[in-house]
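For reference, each letter of the sequence shown is one residue, going 1 to 155 in UniProt numbering.
For each residue, glycine too, the CB sits at the ideal point set by N, CA and C.
Down below is the structure, laid out as structure tokens.
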Amino acid sequence: MKLARLLALLIPATLLAGAWAFQLIGHLVPCEMCHWQRWPLYAALVPAILAFAPGLRPPVIRLLIALAALGIIASGVIGFYHMGVEYKWWLGPTHCTSQGLPHGGDILKALLAQPLVLCDKPQWTLFGISLAGFNALISIPGGLLTLFLAAKGRS
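Below you can see the structure in the form of structure tokens.
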């Protein structure tokens, strides 16, 4: 269970560190959906840290790891949804996408009401994969692996 416990802590911590690095060092401003992806990772850190508390019985450790893994997977699912919005596979929330802009009427008023960063425009990509896509590619398999390892009790 040592590996599962380590993954439960390192995956959300690393993803959040990367997100904050892109924001603070790379000067990328996160959109609303980017923030949505962070919340389950913050939540996953709590049981992941608690799983390292001394004196815990293995069933409690497994439960804490499973809770962390579910938070990691949730972040990945939101990341996949966000990636789909960016790639125009499906429509996203109109309040944070370019779909919310009217074609007529008071365009200036609508533009001023829009967030500074639109959710359907990736700010950064590598090999055609956005940050939301990388979150999905890391979080979903990583969370599933963590859950599997915790269930099997492997170290």
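For a cutoff of 7 Å on Cβ pairs, would you count residue i as touching chain D?
i    : result
L149 : No chain D appears in the structure shown, which is made up of a single protein chain.
Return helix, strand or coil for residue i, following the three-state DSSP convention.
i    : result
I129 : strand
L9   : helix
M1   : coil
Q23  : helix
T93  : The sequence shown places Pro at residue 93, not Thr. Here P93 sits in coil by DSSP.
G153 : coil
L145 : helix
A136 : helix
L16  : helix
On the DSSP letters alone, give me the boundaries of the alpha helix (DSSP H) that residue i sits inside.
i   : result
I73 : 58-86
C34 : 32-50
Are the beta-carbon atoms of residue i and residue j separated by less than 7 Å?
i    : j    : result
L50  : L64  : yes
A68  : A48  : yes
I78  : Q123 : no
I73  : M1   : no
P12  : L41  : yes
E86  : S139 : no
A136 : F52  : no
T146 : A4   : yes
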